[in-house]
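Listed in order, the protein sequences are those of chains B and C.
Number 55 in UniProt numbering belongs to position 55 of the first sequence; there are no gaps in the numbering.
Number 159 in UniProt numbering belongs to position 159 of the second sequence; there are no gaps in the numbering.
We put the beta carbon where it would ideally sit given N, CA and C, even for glycine.
The structure under discussion appears below in the form of structure tokens.
2 protein chains.
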Amino acid sequence: MPPHTAVGHPAPVPSMNGSGLFAGCPDLIGTPFSYAREEEVYGEGEEAEFVYRVVSGAVRTHKVLSDGRRQITGFHLPGDLFGFEQGDTHRHTAEALSDARVLIFKRRQVERAATDRAEVACQLWGMATNNLRLAQDLTLLLGRRTATERVAAFLMEVDERLGGSGTFSLPMTRRDIADYLGLTIETVSRTLSQLEEGGALQRPGGRQLSLRRAKLRRMVED
Amino acid sequence: MPPHTAVGHPAPVPSMNGSGLFAGCPDLIGTPFSYAREEEVYGEGEEAEFVYRVVSGAVRTHKVLSDGRRQITGFHLPGDLFGFEQGDTHRHTAEALSDARVLIFKRRQVERAATDRAEVACQLWGMATNNLRLAQDLTLLLGRRTATERVAAFLMEVDERLGGSGTFSLPMTRRDIADYLGLTIETVSRTLSQLEEGGALQRPGGRQLSLRRAKLRRMVED
DNA sequence: CGTCCCCTTGACTGCAGTCAATGGTCGTGG
DNA sequence: CCACGACCATTGACTGCAGTCAAGGGGACG
Chain B
1 MPPHTAVGHP APVPSMNGSG LFAGCPDLIG TPFSYAREEE VYGEGEEAEF VYRVVSGAVR
61 THKVLSDGRR QITGFHLPGD LFGFEQGDTH RHTAEALSDA RVLIFKRRQV ERAATDRAEV
121 ACQLWGMATN NLRLAQDLTL LLGRRTATER VAAFLMEVDE RLGGSGTFSL PMTRRDIADY
181 LGLTIETVSR TLSQLEEGGA LQRPGGRQLS LRRAKLRRMV ED
Chain C
1 MPPHTAVGHP APVPSMNGSG LFAGCPDLIG TPFSYAREEE VYGEGEEAEF VYRVVSGAVR
61 THKVLSDGRR QITGFHLPGD LFGFEQGDTH RHTAEALSDA RVLIFKRRQV ERAATDRAEV
121 ACQLWGMATN NLRLAQDLTL LLGRRTATER VAAFLMEVDE RLGGSGTFSL PMTRRDIADY
181 LGLTIETVSR TLSQLEEGGA LQRPGGRQLS LRRAKLRRMV ED
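This is the structure in structure tokens:
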């Protein structure tokens, strides 16, 4: 169970961010490591020996069916932890979205710190709880939202996570977006074009986006 | 963030079951309470003052959009804990599926126990992590599975959770199933009929079901 | 300059949704 | 005990949203 922090949610785990330390625990120092774009961090079924913390870049976690259908369950940005499992093997595959630097921790050490210090365990509990909330938000999105609502919600999430200025560059491909939203790349592409037509956003070029947030918000109102 | 245990997964949180105590902690005694069928346990937006443990019956948690679209995020059977939130308000609505008895705990007391005893915090962490895994399995189901695959997977999950004998009675209505699987009641109904036609199950009457599990398993193979 | 990959757009298909009618079961009250 | 109504489930006919198949544009990079 990699604790997934879905793109775009505000302040995923405040206590986990902004520090080089793990859960405020000075004796847990991670080993720095780098991954190239599209490189695998760990694969589904592998032994879950380590957990990871993003320093720079971005990582995605996903599951695949035998016929190639893929569902991305989370995008992990700087500060996020991922790679935790309940059992002894990874139940997802993790790959670098872009070149990424991470800190690697021995899972056993983290678990040891949690059993020794209730404070650490509580932080990890809070992190898991928060990730659960995000996963359940995604559940509502996938189960009951239209394509337009999904894309609009996704754009607002990415915006918030990238500073909330309304102007940003998408860090992932159409394929990644589609596999996160349960759509096809064609539908994502068409939906973005329609949103632009409707004046809900502008596309200065490339993956650059400028959102008309009030308009988008009205499309995902619940 | 109610820790949802989706119907049908094996041994959701072993350490949480089979005991009248909370997380093996003798000083946390819950207050017994009962709810009638369809009665609300708590509503979205309400203050999250308590957490709950199912003793008998079943509870569902869900989110609704303003136009009535509903997504059930979990069914909670005896032994399951639900009602935890990261913030101070409930982000779901919880309702009794059938007449249900629960134990109610003061959230503050549970959190207190967690900060005092790392062992308790670790159990809660494990529970949240496990629920996260279930939520992510549901994500794959909703994002990338066909109607037939969803229903087949759902039936096998319910079977496992209800003893794994292959013969059981569905504890929820078509509406609940549909709102859990992101489908309509008509599609659920049609799919069940097709599965019966194809010899994947039998319907002796009412909500009674007898699964041909090997056949069903082949339909959801990944 | 050419190739590769990503993205967009168009035409058509098909799966699941919608609308509608009917049947079944249960509980209630005449 | 039966009649009625309410609710739940099934089935059929049709619709529509998103998927599929296909073609072509546009950057990045060698």
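Give the straight-line distance between the Cα atoms of residue i and residue j, rounded to the nearest whole angstrom.
i: I104/C; j: I72/C; result: 22 Å
i: T31/B; j: Q202/B; result: 41 Å
i: A135/C; j: D137/B; result: 10 Å
i: Q123/C; j: L181/B; result: 32 Å
i: residue 223/C; j: I177/C; result: Since the first residue of chain C shown is 1 and the last is 222, residue 223/C is not available in this structure.
i: E157/B; j: E186/B; result: 21 Å
i: T146/B; j: V188/B; result: 11 Å
i: V55/C; j: H76/C; result: 10 Å
i: E160/B; j: P204/C; result: 53 Å
i: R218/C; j: A152/C; result: 9 Å
i: L28/B; j: V41/B; result: 21 Å
i: R190/B; j: L162/C; result: 44 Å
i: R70/C; j: R174/C; result: 13 Å
i: E197/C; j: Q109/C; result: 53 Å
i: T61/B; j: Q86/C; result: 23 Å
i: F33/C; j: V220/C; result: 39 Å
i: E39/C; j: L216/B; result: 36 Å
i: L209/B; j: N130/B; result: 28 Å
i: R37/C; j: G164/B; result: 44 Å
i: S169/B; j: R207/B; result: 5 Å
i: F154/C; j: V102/C; result: 25 Å
i: D88/B; j: T184/B; result: 33 Å
i: R112/C; j: V51/C; result: 13 Å
i: D67/B; j: T93/B; result: 16 Å
i: A214/B; j: P171/B; result: 23 Å
i: S193/C; j: M127/B; result: 42 Å
i: S98/B; j: R53/C; result: 43 Å
i: E149/C; j: V120/B; result: 40 Å
i: R91/C; j: D222/C; result: 32 Å
i: D179/C; j: G74/B; result: 23 Å
i: P78/B; j: W125/C; result: 22 Å
Residue i and residue j look like a contact to me (Cβ under 8 Å); what is the Cβ gap, rounded to whole Å?
i: G43/C; j: A100/C; result: Actually they are not in contact, since the Cβ atoms of G43/C and A100/C sit about 16 Å apart, beyond 8 Å.
i: H107/C; j: E49/C; result: The sequence given here places Arg at residue 107/C; His does not occur at that position. About 6 Å separates the two Cβ atoms, so the contact holds.
i: Y35/C; j: A114/C; result: Not really, about 26 Å apart at Cβ, beyond 8 Å.
i: L65/C; j: R144/B; result: 6 Å
i: L195/B; j: G166/B; result: Wrong, their Cβ atoms sit about 14 Å apart, outside the cutoff.
i: V59/C; j: F82/C; result: 6 Å
i: A200/B; j: D116/C; result: Not confirmed; about 50 Å, so no contact.
i: K63/B; j: L140/C; result: 5 Å
Mapping DSSP to helix, strand and coil, what is residue i?
i: E111/C; result: helix
i: A128/C; result: helix
i: E119/B; result: helix
i: L28/C; result: coil
i: L77/B; result: coil
Assuming residue i is part of the beta strand (DSSP E), what are its boundary residues?
i: E95/C; result: T93 to A96
i: I104/C; result: A100 to K106
i: R69/B; result: No beta strand (DSSP E) contains R69/B, which DSSP labels as neither H nor E.
i: T89/B; result: Premise fails: T89/B is in no beta strand (DSSP E) and is neither H nor E.
i: R37/C; result: Unbroken run through R37/C: none, as it is neither H nor E.
Compute every distance between the C-beta of residue i and the non-hydrogen atoms of the ligand ADP, then say whether any falls below 7 Å.
i: V41/C; result: What this structure holds is no ligand at all, so the ligand ADP is not there to describe.
> Which residue spans inside the UniProt domain "HTH crp-type" (145–215) of chain B form an unbroken beta strand (DSSP E) run of at least 3?
Replying inline: If only uninterrupted beta strand (DSSP E) runs of at least 3 residues are considered, those enclosed by the UniProt domain "HTH crp-type" (145–215) of chain B are 167–169, 201–205 and 208–211.
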